[in-house]
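Visitor:
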Amino acid sequence: MHRKVLRLSESFESIKDANLQLVMAASRELVEDPLKKCKERSKRWKIKSSYGDIGLTYGDDEAVAYVASRMPAVYSACHRVLREVRRRLPDFSPKRILDFGSGPGTALWAMRGVWPRSLERVNLVEPSKTMQRTCQSLLEDLKDLPVIHSYESIQALTRNIEKTDREHDLVIASYALGEIPSLKDRITVVRQLWDLTRDVLVLVEPGTPHGFDIIHQMRSHILWMANRKCRKNNGASNKACEDMQNSNNMMALRTGAFVIAPCSHDGPCPLAKSEKYCHFVQRLERTSSQRTYKRSKGESLRGFEDEKFCFVALRRGVRPQETWKFETDRQTIQEPEDLETDYEEQLLPEADEDISNEEPVSNNSDITDSDTDNGYNEEDEQVPADLGGGWGRIIFTPVRRGNRVTMDVCRSTKQDGSEGSFERIVISKMDNPDLHRQARKSLWGDLWPF
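Quick note, in my numbering, the sequence shown goes up one by one and the last residue is 514.
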């Protein structure tokens, strides 16, 4: 990858040299159309006065800088999210892919790492010609690539593809919706992406309050839209809608929607109106170039960085009705107001004298892709997690104190996954040694059975 970045920079320099030889032609074009240069560097998502107006431009220098500085972190977050999708859907092998806001092809690289042999056709939507050229340069000379087509907009995609070929097994929009400032335009884009989705839609945004708001809004809208369509097809009868979903017929599979990850339920987000926000962290090793230009003068720099991200993965159909792992809740549940999380110390190792003799527990963000085969460990492959509502998601780092492990968990409160809550659970070694042993191994972002 480092060599490709250098080669990309050199290719841009050669393009600049070639352009210098066309001064007279460029001058003539400038006289004939003085706004041409402005048009070429137009705002990235200003498509027919729609989908935002943010003034974000990508020239050659900006593209190289993005690849060198941001692409590794975005790739790491996308790879983590897609691994989670593969874990929840072990039989899912997407063939047709749509990557909205593809940039230099970051999500494509992540998909090739997670599903190296299933990809057949990839459609990239990227309005920046510079980013399209960057993506082509990075993929140059790679073997076993799927068929790749680039489009400037969703409209261009739909115009150039037959209606029967517009649906994709997997649609992903990573770090793109945040560049569209208007909520109305974001909803319009997501509705279009959902219409182009045959099976799974994945949305990834930075792990900030604003990124969480975007993910929460889009999640809520898709679920609301699916429920409304279901009621409309059944004469506004909730009972008829539930019966149709339980029957698992083709209409339900097409109109329904449920969350694959990170949520184990399809109800309103319990963190939406709180001071907390749902996000996760992926640790990655810094490249040599990053360590060079990010280091302050006279100060050392860590060899890694932590990328915070928010995401949601949705699937068409209805949530499977699986048996919960524990029929009764044997953990002690504290009041929600007792929840306290120090965001600045999420990734710091716990130091407790009472447990100093026990084996330390690594954080999930400490694990890089090179540590395990294809980003998985053996336990993940042997124990897949079903899609029922019997799993909760650990939010923030579990706190280990002596013989007790305290975890903040987002969980489903109903068997059908229609409602959820955010709770603090305490696992005591005295009450359940086996469960306590598993709790001590738990990490931020892991699933927890109920």
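We put the CB at the ideal spot given by N, CA and C, even for glycine.
Helix, strand or coil for Pro199, going by three-state DSSP, please let me know.
Guide: Note on residue identity: the sequence assigns Cys, not Pro, to residue 199. It is helical.
Visitor: Is it true that the CB of Gly367 sits closer than 9 angstroms to the CB of Gly481?
Guide: No. Outside cutoff.
Visitor: Return the Cβ separation of Ile458 and Val469 in integer angstroms, given the expectation that the two are a contact with Cβ distance under 8 angstroms.
Guide: The Cβ separation is near 10 angstroms, so there is no contact.
Visitor: Between the alpha carbons of Ile161 and Asp277, how many angstroms are there, rounded?
Guide: Going from the Cα of Ile161 to the Cα of Asp277 covers about 26 angstroms.
Visitor: At what residues does the alpha helix (DSSP H) containing Val254 begin and finish?
Guide: Run containing Val254: Leu247 to Asp259, per the alpha helix (DSSP H) assignment.
Visitor: Per DSSP, what kind of secondary structure is Lys243 in: helix, strand or coil?
Guide: Correcting the residue identity first, residue 243 is Glu in this sequence and not Lys. In this structure, Glu243 counts as helix in the three-state DSSP scheme.
Visitor: To which residues of the same chain is Leu234 closer than 6 angstroms at the C-beta, ignoring the five residues directly before and after it?
Guide: Contacts found: Pro158, Ile161 and Val264.
Visitor: Between which residues of its own chain and Val223 is the CB-CB distance below 7 angstroms, once the five residues before and five after are set aside?
Guide: The sequence shown places Arg at residue 223, not Val. Nothing meets the Cβ criterion.
Visitor: I'd like to know whether the C-beta atoms of Leu350 and Pro136 end up nearer to each other than 9 angstroms.
Guide: The residue you asked about is not Leu; residue 350 is Arg in the sequence shown. It is a contact, given that the beta carbons lie within the stated cut-off.
Visitor: Can you check DSSP and say which residues form a bridge with Asn291?
Guide: In DSSP, Asn291 forms no bridge with anything.
Visitor: With a cut-off of 8 angstroms on the beta carbons, I'd call Trp258 and Ile218 a contact; round off their distance for me.
Guide: Actually they are not in contact, since the Cβ atoms of Trp258 and Ile218 sit about 12 angstroms apart, beyond 8 angstroms.
Visitor: Three-state secondary structure (DSSP) at Gln502?
Guide: Here Gln502 sits in helix by DSSP.
Visitor: Select from Met471, Gln479, Asp495 and Thr477 the residue whose C-alpha is nearest the C-alpha of Trp512.
Guide: Comparing Cα positions, the closest option is Met471.
Visitor: Kindly indicate which residue of Lys296, Cys327, Gly466 and Gln385 has the alpha-carbon position closest to the one of Ser476.
Guide: Answer by Cα proximity: Cys327.
Visitor: Quick one: give me the first and last residue of the beta strand (DSSP E) that Leu188 is part of.
Guide: Arg185 to Val189 is the extent of the beta strand (DSSP E) around Leu188.
Visitor: Given a cut-off of 9 angstroms, decide if Val211 and Arg176 are closer than it, judged by their beta-carbon atoms.
Guide: Contact: no.
Visitor: To the nearest whole angstrom, what separates the beta carbons of Glu190 and Ser166, a pair I think is in contact under 8 angstroms?
Guide: About 5 angstroms; that satisfies the 8 angstroms criterion.
Visitor: Can you say whether Ile111 is buried or exposed, counting buried as having 16 or more other CB atoms within 10 angstroms of its CB?
Guide: Reliability of the predicted coordinates at Ile111 is poor, the pLDDT of 40 falling under 50, and the value obtained from them is presented with this limitation in mind. Flag for Ile111 reads buried.
Visitor: State the beta-bridge partners of His213 as determined by DSSP.
Guide: For His213, which the question treats as bridged, DSSP gives the partners Asn187.
Visitor: According to the neighbour-count rule (16 or more other Cβ atoms, all chains shown, within 10 Å of its Cβ), is His232 buried or exposed?
Guide: Counting Cβ neighbours within 10 Å, His232 comes out buried, since at least 16 surround it.
Visitor: I need the straight-line Cα distance from Asp208 to Trp173, nearest angstrom please.
Guide: Cα to Cα, Asp208 sits roughly 13 angstroms from Trp173.
Visitor: Counting only runs of 4+ residues fully inside the segment 122 to 187, write out the alpha helix (DSSP H) ranges in chain order.
Guide: 124 to 133, 135 to 152 and 170 to 178, all fully within the segment 122 to 187.
Visitor: Can you give me the C-alpha to C-alpha distance between Arg383 and Ser485, rounded to a whole angstrom?
Guide: Distance between the alpha carbons of Arg383 and Ser485 is about 18 angstroms.
Visitor: Helix or strand or just coil, what does DSSP make of Arg355?
Guide: Three-state result, Arg355: helix.
Visitor: In terms of DSSP beta bridges, what is Glu371 paired with?
Guide: Note: Glu371 sits in a beta bridge opposite Gln346.
Visitor: If you reduce the DSSP assignment to three classes, tell me which class Arg383 lands in.
Guide: Of the three classes helix, strand and coil, the one that applies to Arg383 here is coil, per DSSP.
Visitor: In terms of DSSP beta bridges, what is Ile576 paired with?
Guide: Residue 576 lies beyond the residue range present for the chain, which begins at 65 and ends at 514; the question has no answer from this structure.
Visitor: Cβ of Leu365 within 9 angstroms of Cβ of Ser140?
Guide: Against a cut-off of 9 angstroms, the Cβ pair of Ser140 and Leu365 comes out as no contact.
Visitor: In the DSSP assignment, find the alpha helix (DSSP H) that holds Leu221 and state where it starts and stops.
Guide: Looking at the DSSP string, the run of the alpha helix (DSSP H) that includes Leu221 is Ile218 to Asn224.
Visitor: Contact check, Thr194 vs Tyr122 under 8 angstroms by CB: the rounded distance?
Guide: Thr194 to Tyr122, Cβ: 5 angstroms. Contact.
Visitor: Would you check if the distance between the CB atom of Val138 and the CB atom of Glu371 is smaller than 9 angstroms?
Guide: Result yes, Cβ atoms of Val138 and Glu371 sit closer than 9 angstroms.
Visitor: Tell me which residues share the same chain as Arg283 and place their Cβ nearer than 6 angstroms to its Cβ, disregarding the 5 neighbours each side in the sequence.
Guide: Cβ within range, chain order: Val376.
Visitor: Excluding five sequence neighbours on each side, which residues of the same chain lie with their C-beta closer than 7 angstroms to the C-beta of Val268?
Guide: Once the five neighbours on either side are set aside, the close Cβ partners of Val268 are Ala141, Cys142, Val145, Ser238, Tyr239, Phe373 and Phe375.
Visitor: So what's Arg283 in DSSP terms, helix, strand or just coil?
Guide: Reduced to three states, the DSSP call for Arg283 is helix.
Visitor: Quick one: what's Trp508 bridged to in DSSP?
Guide: In the DSSP output, where bridge partners are listed per residue, Trp508 has none listed.
Visitor: Indicate the three-state DSSP secondary structure (helix, strand or coil) for Pro332 in the structure shown.
Guide: Pro332 falls in the coil class under three-state DSSP.
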